[in-house]
């Protein structure tokens, strides 16, 4: 009886232990995440776990990392996603300090996650973001901004600044197993004196552009007036030539008429005669008279 009870007890313990071990060895990886497997003695497996359920040794642990795009903020306003005032200062090429907000997106490189896990001593993704990625992003922003003047940063070359910071940070984070997807300065503020100087320059630039437009307009008008004047002169010239030709034709016709008139005036009424004494008769005139 005691042997049977002891046997049942041992069997129950084994079954319970087996069930506990089974559940302790099952890990679920959420969508958009992968799991890094490591043993209690510090060894990290090269192969990561994808989305779904996985059976692993009870002597191993799993840390999940997001491989989906994560959005991060370094901003003055808490509404932008920062827990506090996370805005920071960058410096321009001409030594001006600018207070900025920055947003960026990133994801962990699945192929390099075991290396990332080792580098950051098993820290989770959000801890890495808060303690490492944001700090390095601030440093990279200042390194890049020091190549630009305050007018470039505050003005029309901001897109160039964003582009250079994106390329620079992407290159530097690759070794960490972190891929930068986008970087953008969402707010850039300067001190009042600098802002006034920038505004004066903007006003001067606008005035210059206005003068250029006025000059171009004047040139176009002058060219148009010249063309109109040349056209009018051409029309006048053509009209004068036509009038001269008409007068010339009139004069020629008038001269012919005068010549004929003078001939008639000089005629003595006699019929012209040819050699031999016979008169030259105009049959048409004769017939007309006869009729």
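Numbering (our numbering), first residue to last: 81 to 371. The beta carbon of each residue, even a glycine, is placed where N, CA and C say it ideally should be.
_Please report the distance separating the alpha-carbon of residue 212 from that of residue 241._
22 Å
*Helix, strand or coil for residue 266 per DSSP?*
strand
*Should residue 182 be labelled buried (16 or more other beta-carbon atoms within 10 Å of its own) or exposed?*
buried
*Between the Cα of residue 147 and the Cα atoms of 173, 300, 259 and 250, which residue gives the shortest distance?*
259
*Which residues DSSP lists as bridging residue 113, in chain order*: 146
*Whole angstroms is fine: what's the gap from residue 205's alpha carbon to residue 216's?*
15 Å
*Mapping DSSP to helix, strand and coil, what is residue 167?*
coil
*Roughly how many whole angstroms lie between the Cα atoms of residue 164 and residue 299?*
58 Å
_What does the Cβ neighbour count give for residue 128, buried or exposed, with the cut at 16 atoms within 10 Å?_
buried
*Cα-Cα, which of 256, 203 and 139 is closest to residue 190?*
256
*asked:* Quick check on the DSSP output: the beta strand (DSSP E) that includes residue 225 runs from which residue to which?
replied: It is not in any beta strand (DSSP E) - residue 225 instead sits in the alpha helix (DSSP H) that spans 214-225.
_Three-state class that DSSP yields for residue 183 in the structure shown_ = strand
*Could you check where the beta strand (DSSP E) with residue 132 kicks off and where it finishes?*
132-135
*Closest Cα partner of residue 188 within the set 114, 307 and 302*: 114
*Under the rule that 16 or more other beta-carbon atoms within 10 Å means buried, what is residue 139, buried or exposed?*
exposed
*Between the Cα of residue 262 and the Cα atoms of 248, 316 and 226, which residue gives the shortest distance?*
248
_Since residue 186 and residue 150 should fall inside the 8 Å C-beta cutoff, what is the C-beta to C-beta distance between them, to a whole number of angstroms?_
6 Å
*Do the CB positions of residue 152 and residue 200 come within less than 8 Å of each other?*
no
_Own chain partners of residue 250 with C-beta closer than 6 Å, once the 5 adjacent residues on each side are dropped_ = 260
*Can you tell which of 207, 120, 131 and 124 has its C-alpha closest to the C-alpha of residue 109?*
131
*asked:* Are the CB atoms of residue 142 and residue 117 within a distance shorter than 8 Å?
replied: yes
_Alpha carbon of residue 101 to alpha carbon of residue 126, nearest angstrom_ = Confidence is the limiting factor: at residue 101 the pLDDT is only 46, short of 50, which leaves the residue's position unreliable, though a coordinate-based value still follows. Computed Cα separation, rounded: 24 Å.
_residue 230 beta carbon less than 8 Å from that of residue 270_ = yes
*Per DSSP, what kind of secondary structure is residue 173 in: helix, strand or coil?*
coil
*In whole angstroms, what separates the C-alpha of residue 310 from that of residue 235?*
47 Å
*Under 8 Å between the Cβ atoms of residue 268 and residue 222?*
no
*asked:* For a test of the three-state rule: what should DSSP assign to residue 209, helix, strand or coil?
replied: helix
*Under a three-way DSSP split, which group does residue 300 fall into?*
helix
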